[in-house]
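When we follow our numbering, the leftmost residue of the sequence shown carries the number 1, and every step to the right adds one. Cβ coordinates follow ideal geometry from the N, Cα and C atoms, glycine included. Below is one structure, written out as structure tokens, with a few remarks after it.
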Amino acid sequence: MALVVHKYGGTSVSDADRIRSVADYIGRARRRGDDVVVAISAMGKTTDVLDRLAADVSTSRPGREMDLLLSSGERISMALLTMALTDLVHDS
């Protein structure tokens, strides 16, 4: 059994099909007996879109609010990947 670290983001989690594919890949690693740590970034260009939106609404862009805003992309990806992984467990 190995400890493996997977990092996904951008294009690899840009839509529902790709998120399910990532979940399948993680599931295969777990079935091999590996311990898996997953780091996931925002989907597609989400971070760029949020950054541009912040620039459009504010010239000050306070750090705390930017951290909260930009982390929302990662939180969306985490939630969706967890849902896909949960379905794998329930379907097996």
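Since residue i sits in a beta bridge, which residues does DSSP pair it with?
i, result
"K7", "A39"
Rounded to whole angstroms, what's the CA-CA distance from residue i to residue j? Just pull it up for me.
i, j, result
"D51", "M78", "19 Å"
"V99", "T46", "What is shown of the chain runs 1 to 92, which leaves residue 99 out entirely."
"L85", "D24", "8 Å"
"R27", "S60", "One detail in the question is off: residue 27 reads as Gly in this sequence, not Arg. Going from the Cα of G27 to the Cα of S60 covers about 43 Å."
"V38", "L88", "16 Å"
"A54", "M66", "8 Å"
"G33", "V5", "14 Å"
Give the DSSP-derived three-state secondary structure of residue i in the structure shown.
i, result
"S60", "coil"
"A2", "coil"
"S14", "coil"
"G33", "coil"
"G44", "coil"
For residue i, which residues from the same chain have a beta carbon less than 7 Å from its beta carbon, with the 5 sequence-adjacent residues on both sides left out?
i, result
"I40", "Y8, G9, V13, E74, S77, M78 and L81"
"I19", "V13, L80, L81 and A84"
In chain order, what residues of the same chain have a beta carbon less than 6 Å from the beta carbon of residue i, not counting five sequence neighbours either side?
i, result
"S72", "none"
"V49", "none"
"T11", "none"
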